[in-house]
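For the record, in the sequence shown the residue sitting at position 188 is 187 according to numbering that gives the first Met the number 0, with numbers rising by one throughout. One structure is given below, encoded as structure tokens.
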Amino acid sequence: MLPNTSEAELREVLVGRSVESVGRRGKYLLIGFDDDVWLSIHRKMSGNLLLEPPESPRALHTHFVVTFDPALELRFVDPRKFGRVNLFRSSVELNEFLAERLGPDSLDLDDTLLASKLKGRSGRIKSLLLDQAFVAGVGNLYADEALWEARVHPLRAANTLTAEEIQRLALAIKHVLTQGIERRGTSFSSYLDADGAPGENQEFLNVYGREGQACPRCGTPIRRIVIGQRSAYFCPKEQVESWSRESEPGQPTHV
Ligand SMILES: [Zn+2]
């Protein structure tokens, strides 16, 4: 879990410091300490970060603990051990690390920026949205929700999106993420917030995990396909991959 540091180094560098800021870039949680020392924490697939009193029993798979004064523990519970904690000795180091990995933050996205990023990209739109170097912060579930909201098929080649579709998609990405944050996250599987409480956004999903159920807009059964080993859910009527010449004008071909 410590790709660029060790338990011994963390003790040496962190003990006695104060937290000055807590922030986020893409899916990295950033904790800023005095003297420009930083920790980044990435929860990956199933990690949960909990703030708990030291006397409360530690959950199974608690792999990383930072103890604060007054008594409080930050606990990283990660059954699959995919999570990562990195240490940086300066904000320059931190920013270099993030710049190598992250495109613009998804909450800063607008249609002009998205259009310029999509130009000349022939990859599938959903795969691009999941590529954190393309745009940072969109996960599998939010990509599906945003593509449904924008009525764009997940397998569309990125450079075939119309200006209108790009505008809808930029708005939809911001919308689904903002709503997810307002509802304190999506506990579709194991996500818990820092207080150990599940989020509420899973109760508002339109397509994700809803294969065979009616599309909330048009009633067509939601379909599931697999793209790059990840599930993709969409409405086969409103999210159309391509138009064939044989079909009537304006009649989408379902792929
Ligand atoms: Zn529909």
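Here a beta-carbon is modelled for each residue, glycine too, at the ideal position from N, C-alpha and C.
In this structure, does DSSP put H152 in helix, strand or coil?
In this structure, H152 counts as coil in the three-state DSSP scheme.
Along the beta strand (DSSP E) that carries G179, what are the first and last residues, could you check?
Looking at the DSSP string, G179 is not in any beta strand (DSSP E); the run it does join, the alpha helix (DSSP H), is A162 to E181.
Note the first and the last residue of the continuous alpha helix (DSSP H) segment covering T111.
Residues D110 to L117.
So, are the CB atoms of V91 and Y141 less than 8 Å apart?
No.
Please write down, chain order preserved, every residue whose beta carbon lies under 6 Å from a heavy atom of ligand 1.
Every residue whose Cβ sits closer than 6 Å to any heavy atom of ligand 1 is listed here in chain order: C214, R216, C217, T219, C234, K236 and E237.
When DSSP labels each residue in this structure, what does I224 get in the three-state scheme?
It is a strand residue.
What's the call for E144, buried or exposed, on a 16-neighbour Cβ count within 10 Å?
By the 10 Å Cβ count, E144 comes out buried.
Does the stretch 38 to 54 come into contact with the stretch 190 to 210, if we say contact requires no fewer than three beta-carbon pairs (one atom in each stretch) closer than 8 Å?
A contact exists between the stretch 38 to 54 and the stretch 190 to 210.
Identified DSSP bridge partners for Y27
Answer is R24 and H41, bridged to Y27.
Under DSSP, the alpha helix (DSSP H) around N94 begins and ends at which residues?
Per DSSP, the continuous alpha helix (DSSP H) segment holding N94 begins and ends at S90 to R100.
Assuming V84 is part of the beta strand (DSSP E), what are its boundary residues?
For V84, the enclosing beta strand (DSSP E) stretches over residues R83 to F87.
If you measure between the beta carbons of E240 and R150, is that distance less than 8 Å?
Taking 8 Å as the Cβ cut-off, E240 and R150 do not qualify as a contacting pair.
Reference R155, options Q131, S121, I180 and A213, closest by Cα:
If we check each option's Cα against that of R155, S121 comes out closest.
Would you kindly report the start and end of the unbroken beta strand (DSSP E) that includes L50?
Element bounds for L50: N47 to E51.
With L71 and P52 assumed to form a contact (beta carbons below 8 Å), what rounded beta-carbon distance in angstroms separates them?
At roughly 6 Å, the Cβ-Cβ gap stays under 8 Å, so L71 and P52 are in contact.
Let's see if you can read the secondary structure: which residues bound the beta strand (DSSP E) around R74?
For R74, the uninterrupted beta strand (DSSP E) segment begins and ends at L71 to V76.
Assuming V84 and F63 are in contact, meaning their beta carbons sit under 8 Å apart, how far apart are those beta carbons, in whole angstroms?
The beta-carbon distance between V84 and F63, rounded to whole angstroms, is 6 Å. This is short enough to meet the 8 Å contact definition.
Closest residue to L106 among A157, G179, R16 and E202 (Cα-Cα distance):
That would be G179, whose Cα lies nearest to the Cα of L106.
So is F75 buried or exposed if we call it buried at 16+ other beta carbons inside 10 Å?
Buried is the call here.
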